[in-house]
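Okay, so here's the structure we're looking at.
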Amino acid sequence: MQAIVFDKSALPTEVLQLREVDRPRPAAGEVLVKMLSAPINPGDFLFIQSLYPDPKKPSLPGQIAGNSGAGVVVEKGPGASLAIGTLVDIYYYNTWAAYVAVPEEWVTPLPGDYPREKAGQLMTLITGWDLVEASKARPGDWIVITAGNSSNAVMATQMAIRKGIRVISIVRKMPAGLDLRALGAEAVIDLSVTGDAVSSRIREITGGKGVSAVIEAVGGPLLTELVHSAGFGAKVIMYGGLSDQPFQLHNGDIYLKGISIESYIYRYFFRSPVPEEQETIRRVIDLSSDPSFIMPVSGRYGLDAFKTAVHNSFYSTPGSTVGKTVFSMG
Amino acid sequence: MMKAIVFNNTGAPEDVLTVVEKEIPVPAEGEVLVKMLASTINPADTFFIRGTYRFQPDFPDETAGFEGAGMVARVGKGVTIATGALVAFFFRRAWAEYAVVPAAELTVLPGDFPVEKAAQFSLNPSTAWGLLDTARPAAGEWMLLTGANAAVSQIVIQLAHKRGVRIIALVRDLAQADGLRGLGADEVLDIADAGLGKRVQELTGGKGFNVALDTVGGAIGTKIFEHIAPFGRFVLYGSISKEPGQYFNAQLVYKNLFVKGFGVRAYLNGLSPDGRAAMTQSLIAAIGDPAFQLPVVRSYGLDQFRAAILENGQGGRSGKILFKIN
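Those protein sequences? They're chains V and H, same order as listed.
The numbering of the first sequence is this note's numbering, which starts it at 89 and goes up by one.
The numbering of the second sequence is this note's numbering, which starts it at 486 and goes up by one.
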């Protein structure tokens, strides 16, 4: 079968190769999944460069890249229970390939009628859900979402408005081909236009109330300003850092307003889903299967076009494109 | 009649305070008349007298002082606390021979609780408790404190040491090191020491500390932040440095850190009645232990308030200045 493989950890544009490898056999408790699609996420690049913390480390040489995706169960190892033909989402390893063998606890079954073009992005959906949950925002509260064009932010925005939370989206530049207002953001602050006046814009938009939470993936001076304009008890939920500059805060900026900064790492980074979480996962799947829930894709590539796909994705300016770049195997 | 330390204008305490004779107040429904035994001098008192506290004085003859302890002398309607009970409070008008306090603001202490500890029971111990409850250091984890010689920190160190937490105390003056080791600090370091980071790494086996309680910020905040372990908790509750600290998102996200600004009022308001009762009972048990130290540097009578204020303003102490009353 075809797979995108690397033998050493370095820049993905340098070490990835398309290779014919043996189709894996599902071991006990595993299923063999015929891949339909696999997104290219920033985390995949960290994995290839061996920049993820343990235990998410490549096994070299011959590690197949890709840590998430979707496909159909075609074979079961001894003791596996999922039915052949089940559409599943995977968060594991080896997904940039035609087939992958996965321990059952790392796959999530999707409804048979789940839109095929949305499958493979459950990680982004759950991230969006978790970010909004962690914000503890209640219906009617205002929150700010930075890096507003990013896939995580687009998911979080749509999750938040479905809970009655009011969203201000902050973008570096208004994206082409994605209308954040149409997705439910009540206001979009375009930094290329607003410049340094973010605080006053937020005060204006919220009628002086300020925001109860910031869902944050940028850092630098923008975060400094957002903390200054945040309300009492506000939460910053931080899951990324696109700025190469530090944010600057006095202790007083934090404790006089009882602000907290919580970092978020994908909940299944260190462990697989447990049965008690099935209800949440089902809700996320239900919400996202609705046609009004948009999951943009910026480009689809076959595995054999990996060089272009990886190059475009790795060197894209954050915020310049909208949606995931995905491999399409089906 | 009773003595009270009052002021009629906001300003520097030494300029505006004076001792007067006032009527002993009468407790209304739900209130208690406390015959004061001792009161503390806290930073909040100075803010209030200067007019920079979160509420303004009620002139004429506003009585100063927020924290103290005494005996219940009389109760208003609907109050079930027994006359003669030893009580502590952080409320208002504590620098006087008698104070009227709502019953809900009082903590009833065991009758044999030392008066000097009772006077200090209502503010710093709750702050120390809240800091630990927010940062949640576990037994065996390393906790770093800045401003480690402050009254709150001394309580934190004793409570945390008893729970098996390992403690790195940062101070500006190593003359305080022996005292802090005696309270339970495992290591006391000069906050300006250039080898600080290296020492922290050595102590923690290269992992970094798990919890920081920081009252300084600025360049110190930036520096200690580099040595925090994954899943660390960074609790900020003061800002001695006037400069901002600098932090990268990547530091927080990669190590999955938690940063929280702590204020004791918001913390106490967020506790359930049961949570608050549990805190009070734990603190009574811990602080009532004769080994637990809440040091008092000197006590003054109300008449000697000028000397008390003067000594309090000098700083560099390792304990409280009290008014001893009645």
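By construction, the Cβ of each residue, glycine as well, lies at the ideal position given by its N, Cα and C atoms.
Cutoff 7 Å; reference residue i; Cβ partners in own chain excluding five residues on either side
i	result
E547/H	V491 and F492
L271/V	V242, T245, Q246 and I382
W230/V	R254, I256, T294, K297, V299 and S300
T565/H	none
Y354/V	M211 and T215
W194/V	I178, Y179, Y180 and S360
Residue i (DSSP reduced to helix, strand or coil)
i	result
P199/V	coil
Q90/V	strand
Q731/H	strand
K647/H	helix
G551/H	A small correction: the amino acid at residue 551/H is Phe; Gly does not occupy that position in the sequence shown. Three-state DSSP puts F551/H in coil, outside helix and strand.
S147/V	coil
N634/H	coil
Q789/H	helix
V398/V	helix
F710/H	helix
K809/H	strand
V533/H	At residue 533/H the sequence reads Phe, which differs from the Val that was named. Residue state, collapsed to three classes: helix.
G296/V	coil
A301/V	strand
K224/V	coil
L737/H	helix
N695/H	strand
E506/H	strand
S317/V	helix
Y36/V	What is shown of chain V runs 89 to 418, which leaves residue 36/V out entirely.
K323/V	strand
Y343/V	helix
V306/V	coil
Any non-hydrogen atom of the ligand FMN within 6 Å of residue i CB
i	result
K412/V	In the structure shown, the ligand FMN is absent, as is every other ligand, since no ligand is present at all.
Beta-carbon proximity check, residue i vs residue j, cutoff 7 Å
i	j	result
N34/V	V259/V	No statement about residue 34/V is possible, as the shown extent of chain V runs from 89 to 418 and does not include it.
N609/H	V641/H	no
A273/V	S257/V	yes
A584/H	R578/H	yes
I526/H	N797/H	yes
A207/V	L330/V	no
E313/V	V286/V	yes
F533/H	E552/H	no
G555/H	K520/H	yes
E192/V	G117/V	yes
V420/V	I178/V	Coverage of chain V is limited to positions 89 through 418, which leaves residue 420/V absent and any answer about it impossible.
R559/H	L616/H	no
Y202/V	S380/V	no
G321/V	G340/V	no
G665/H	V673/H	First, the residue type needs correcting, since residue 665/H is Leu and not Gly in the sequence shown. Cβ atoms of L665/H and V673/H: closer than 7 Å.
T196/V	I369/V	yes
V362/V	P384/V	no
Sheet register partners of residue i (DSSP bridge)
i	result
D177/V	A158/V and T196/V
M556/H	K520/H and L571/H
Y583/H	K520/H
W627/H	R651/H
S125/V	A158/V and S416/V
S784/H	L807/H
G746/H	L721/H
S257/V	I233/V and V276/V
R388/V	V414/V
V362/V	According to DSSP, V362/V bridges with nothing at all.
Sequence-distant residues of its chain with Cβ nearer than 6 Å to residue i (five each side left out)
i	result
K692/H	A714
A115/V	G165
P159/V	Note that residue 159/V is Gly in the sequence shown, not Pro. Taken in chain order, the residues that qualify are V121, K122, M123 and L124.
V781/H	E601, G804, K805 and L807
W627/H	R651, T689, F694 and N695
Contacts around residue i, its chain only, beta-carbon distance under 8 Å, and the 5 residues preceding and following it disregarded
i	result
T619/H	R718, V720, K745, F747 and Y752
A704/H	S726, E728 and G730
H646/H	I652, L668, G669 and A670
T531/H	P498
L170/V	V119, V161, K164, V176, E192, V195 and P197
P100/V	F94, D132, F133, I136, Q137, A153, V398 and F402
Task: At least three beta-carbon pairs within less than 8 Å, the segment 175-188 of chain V to the segment 155-162 of chain V - done: yes
Task: Meets three-Cβ-pair contact criterion under 8 Å: the segment 595-606 of chain H and the segment 496-503 of chain H - done: no
Open item on the list: I want to know whether the segment 386-400 of chain V touches the segment 216-230 of chain V - three or more CB-CB distances under 8 Å.
Closed with: no
TODO: Assess, as a yes-or-no matter, whether the segment 754-765 of chain H is touched by the segment 784-800 of chain H under the definition of 3 or more beta carbon pairs within less than 8 Å.
DONE: no
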